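**Q** Residue numbers (the numbering used here): 4 to 863.
As structure tokens, then:
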């Protein structure tokens with residue numbers, strides 16, 4: 004047991020919940036980030052990335068967002084414009100850029116004082132900011148666009164390098180990392196560039212890009228041939244029926260097969276699909292035979308039972324009428340149960356039949372798999388990205404272990420490829436022809452009259468170029484891709500939903516979790532509202548997932564004014580008619596939300612929600628209508644299938660149902676006032692008009708008729724609530740959730756209906772909800788200033804533990820009272836410390852078990 008605040012528990016639940024996970028995946032591209040970081044980790048063994056930087060990258064878990072102060076934006080743009088106007092031959096004189104240089108210097112210094120590892124984010128962030136500027140600026144330019152980009156970005160990097168050098172005397176900066184992974188690559192958004200754009204870097208390295216690619220293809224060809232047996236064995240030994248099954252095979256450990264191996268692989272897959280088809284057709288035939296046997300057995304039983312009824316009818320005068328009636332009823336029940344069993348069989352049969360038909364259809368598609376489809380599938384599985392740079396680097400990682408093979412196996416191909424390139428350069432005009440020619444001559448075999456490449460020199464240079472240039476270039480590009488300025492000026496998405504989601508992600512998750520960086524000249528660069536230690540946070544998270552992520556929810560509604568109605572009507576039949584119609588309205592709504600309608604308790608009702616609530620209700624009860632159009636239901640209860648299943652969305656369904664019930668209750672009064680008004684004619688009228696309809700020209704007591712008190716309590720099956728047949732043989736609920744929900748349903752307000760839910764329900768809702776926020780739900784975010792204002796409001800509301808605004812469902816939940824479970828006494832909620840045990844039970848400072856009650860209110 005340990006101390007914790009309610010807002011901390013709310014935060015844990017929503018951070019682990021569907022909505023925040025959806026935002027992390029969508030806005031902060033969590034899947035892409037994790038894939039990129041995994042790539043960096045793979046390549047990290049080739050060089051030494053500082054531990055603090057690796058820790059920062061691993062801890063983040065999703066893309067980094069950062070901002071520079073809005074007031075400095077004009078100064079940055081002015082600096083970029085002036086820098087862009089410098090020509091290639093102009094020397095960068097920093098004295099001419101004193102103001103922007105000092106601004107960056109002070110910002111860098113503040114970052115180092117706060118978090119040394121964040122210096123990486125700052126440098127990459129500023130490079131990206133400059134990159135966004137130059138990309139936009141060059142859209143309307145002509146000439147050598149790439150050269151202009153490289154020139155501009157080189158100047159940006161030179162300034163950052165100068166500032167870093169100045170600060171390295173005062174602060175510990177891993178300058179070797181920056182010089183190796185950042186300073187050498189003056190490109191905006193590296194990953195977006197085609198490989199050909201990096202030709203100048205390969206020339207500077209002393210190994211032309213064209214030569215690198217030629218040698219690379221030699222190794223890929225060798226590797227493809229070497230792994231062909233393994234990849235075919237993977238196909239032959241693993242079970243698969245569909246393309247999705249094919250994706251689950253371990254293709255990622257192989258390189259992309261060359262043409263010959265690719266053709267063999269395609270033929271093997273098609274043959275395997277033909278064998279699968281034979282088995283699937285056999286399974287389909289066996290399933291049909293089983294259905295035929297069950298159908299025949301059902302017909303036989305029903306026929307026998309029909310004959311039994313005939314026998315009873317024939318002997319009607321020989322036995323008492325009551326005995327004959329009972330026997331016929333008994334036989335009919337047996338027939339109904341037999342038919343019900345057959346219906347369950349049909350359901351199972353149709354599910355299996357449908358599943359099998361889907362497999363047959365999918366396997367047929369596999370049998371006719373085209374080379375284009377297989378190529379697309381393999382590329383998706385083998386390569387961690389579609390970009391050329393990522394493909395080349397990932398291929399090299401698979402080639403690297405075989406670089407020390409016997410060179411005689413590949414020497415012929417290496418010589419042939421190099422000679423072909425050498426001859427092509429001599430014949431054709433191409434860019435940097437002279438430089439490439441002179442570099443190729445460096446790999447010449449000494450003592451030969453004609454040009455003959457030295458294989459050993461070529462392979463050493465290939466490996467060195469990949470390790471010293473290709474992999475660092477990729478790492479720089481991956482870092483650039485995952486460090487993003489927010490919000491991009493003048494690039495606000497048009498959809499308000501996207502804008503609100505972005506504001507919610509930053510305000511509810513990124514900023515409070517310290518995953519958002521503010522690069523300013525003073526003050527903190529990021530914040531965190533988590534006061535729990537790492538071990539306590541992990542424990543609390545485990546508890547929340549175990550006890551609140553899935554639940555069963557019990558809803559009890561109490562009809563206000565029922566005692567007043569009994570007193571004034573003095574007519575049980577009239578009262579019964581009104582209440583019956585009202586209950587029928589509530590029951591219809593409950594069914595729409597998948598509830599199990601447990602029972603009508605006179606002036607209210609009990610229903611519950613779970614994973615099997617709807618299915619269990621339809622399997623247990625049969626509904627019918629009498630000749631007088633009155634609805635009846637009768638039970639086919641079988642205790643074996645009577646159990647509760649928790650669900651992710653139990654409380655969401657319960658609260659949505661409660662809100663719909665209240666709307667329906669208000670409509671019920673409006674629609675039925677004229678119909679029932681005469682029954683209360685002896686009551687002195689007082690004026691009350693609602694929504695333009697004069698339906699409540701009656702005293703306050705009458706106005707409370709059909710207002711509802713709704714209590715929702717959630718928990719774990721067996722521990723908190725159980726279902727089973729009662730003494731009369733009807734299904735019934737037992738457990739503390741029923742008592743709690745009953746207590747909550749008694750919450751009163753003289754003018755309106757009331758919904759109260761316990762914290763278990765709200766926590767379960769936070770796990771499952773598709774959208775929520777803190778504070779007001781803004782309808783319009785027009786610009787960067789609006790966005791920053793909205794995010795600021797969300798952060799403030801979250802820090803103080805404000806109301807939870809479930810904007811997607813149009814209601815707000817706010818802590819209202821604290822209920823002591825033993826005495827069922829409630830006190831007004833105050834944000835004081837609670838304690839939680841390993842079973843997810845909360846305690847107050849006196850050690851009493853408590854529940855926090857939330858008031859559920861519709862948004863206007």
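For glycine and all other residues, C-beta sits at the position ideal for the given N, C-alpha and C.
It should be emphasised that the depicted structure is a prediction, and the values quoted were computed from it without experimental measurement.
1) Please identify the residue among 159, 13 and 51 whose C-alpha is closest to the C-alpha of residue 89.
2) The alpha helix (DSSP H) with residue 740 in it runs from where to where?
3) Comparing C-alpha positions only, which one of 814, 721 and 822 sits nearest to residue 661?
4) Taking the alpha-carbon of residue 714 as reference, which of 862, 822, 110 and 557 has the nearest alpha-carbon?
5) As a quick exercise: from 769, 776, 863 and 763, pick the residue whose alpha carbon is nearest that of residue 853.
6) Measuring CB to CB, does residue 551 end up less than 9 Å from residue 770?
7) Can you grab the Cα-Cα spacing for the pair residue 486 / residue 264, in whole Å?
8) At 3 residues or longer, what runs of the beta strand (DSSP E) sit wholly inside the segment 162-241?
9) Which stretch, first to last residue, makes up the alpha helix (DSSP H) that contains residue 329?
10) Rounding to the nearest angstrom, what Cα-Cα distance links residue 401 and residue 257 in this structure?
11) Could you tell me if residue 518 is buried or exposed, where buried requires 16 or more neighbouring beta carbons within 10 angstroms of its beta carbon?
12) Return helix, strand or coil for residue 808, following the three-state DSSP convention.
13) Specify whether the segment 405-416 and the segment 223-231 touch according to this definition: at least 3 beta carbon pairs, one from each stretch, less than 8 Å apart.
14) By alpha-carbon positions, which one of 50, 26 and 75 ends up nearest to residue 65?
15) Taking the alpha-carbon positions, what's the residue 125 to residue 87 distance?
16) So, at 6 Å on beta carbons, what are the nonlocal neighbours of residue 747 in its own chain, with the 5 sequence-adjacent residues on each side left out?
17) Report the CB separation of residue 590 from residue 600 in whole angstroms; it is logged as a contact under 8 Å.
18) Using only CA atoms, which one of 317, 351 and 306 lies nearest to residue 335?
19) Thinking residue 756 and residue 711 are a contact (beta carbons under 8 Å), I'd like their distance in whole angstroms, please.
20) Would DSSP call residue 607 helix, strand or coil?
21) Quick one, are the C-beta atoms of residue 465 and residue 215 less than 9 Å apart?
22) By Cβ distance, which residues of its chain are closer than 7 Å to residue 536, with the 5 residues on each side in sequence left out?
23) Residues bridged to residue 830 by DSSP?
24) Counting pairs of beta carbons, one from the segment 735-749 and one from the segment 604-614, are three or more of them closer than 8 Å?
25) Tell me where the beta strand (DSSP E) around residue 728 begins and ends.
26) Considering Cα atoms alone, identify which of 185, 773, 736 and 380 is closest to residue 473.
27) For residue 176, tell me which candidate among 131, 136, 370 and 112 has the shortest Cα-Cα distance.
28) Excluding the 5 residues preceding and the 5 following residue 210 in the sequence, name in chain order all residues of the same chain whose CB lies nearer than 6 Å to its CB.
29) Give a single yes or no on whether residue 409 has its beta carbon closer than 8 Å to a heavy atom of the ligand HEM.
30) Below 8 Å on the Cβ atoms is my guess for residue 56 versus residue 141; work out the distance and round it to an integer in Å.
31) Within its chain, find whatever has a CB closer than 7 Å to the CB of residue 831; leave out the 5 residues flanking it on each side and keep chain order.
32) In its own chain, which residues sit with a C-beta less than 6 Å from the C-beta of residue 279, not counting the 5 before and 5 after it?
33) Taking the continuous alpha helix (DSSP H) assigned at residue 286, which residues delimit it?
34) In the structure shown, what three-state DSSP assignment does residue 7 receive?
35) Around the Cβ of residue 655, are there at least 16 other Cβ atoms within 10 angstroms (buried) or fewer (exposed)?
36) Would you kindly check if the distance between the Cβ of residue 805 and the Cβ of residue 483 is under 9 Å?
**A** Taking the geometry as given:
1) 159
2) Boundaries of the alpha helix (DSSP H) around residue 740: 739-747.
3) 814
4) 557
5) 763
6) yes
7) 40 Å
8) none
9) 324-370
10) Approximately 8 Å between the Cα atoms of the pair.
11) Around the CB of residue 518, 16 or more other CB atoms lie within 10 Å, so the residue is classed as buried.
12) strand
13) Contact holds: three or more Cβ-Cβ distances are below 8 Å.
14) When the alpha-carbon of residue 65 is set against those of 50, 26 and 75, the nearest one is in 26.
15) Each residue's Cα considered, the two are about 21 Å apart.
16) Within the same chain, residue 747 has close Cβ partners 714 and 759.
17) 6 Å
18) 306
19) 4 Å
20) strand
21) yes
22) So the list is empty, once near-sequence residues are dropped.
23) 821
24) Flag = yes, the segment 735-749 and the segment 604-614 touch.
25) 725-728
26) 185
27) 112
28) 464 and 468
29) The ligand content of the structure shown is nil, which means the ligand HEM is not present either.
30) No, residue 56 and residue 141 are not in contact; Cβ-Cβ is about 31 Å, not under 8 Å.
31) 820
32) 244 and 366
33) 262-317
34) It is a strand residue.
35) Classification of residue 655: buried, given that the 10 Å Cβ count is 16 or more.
36) no
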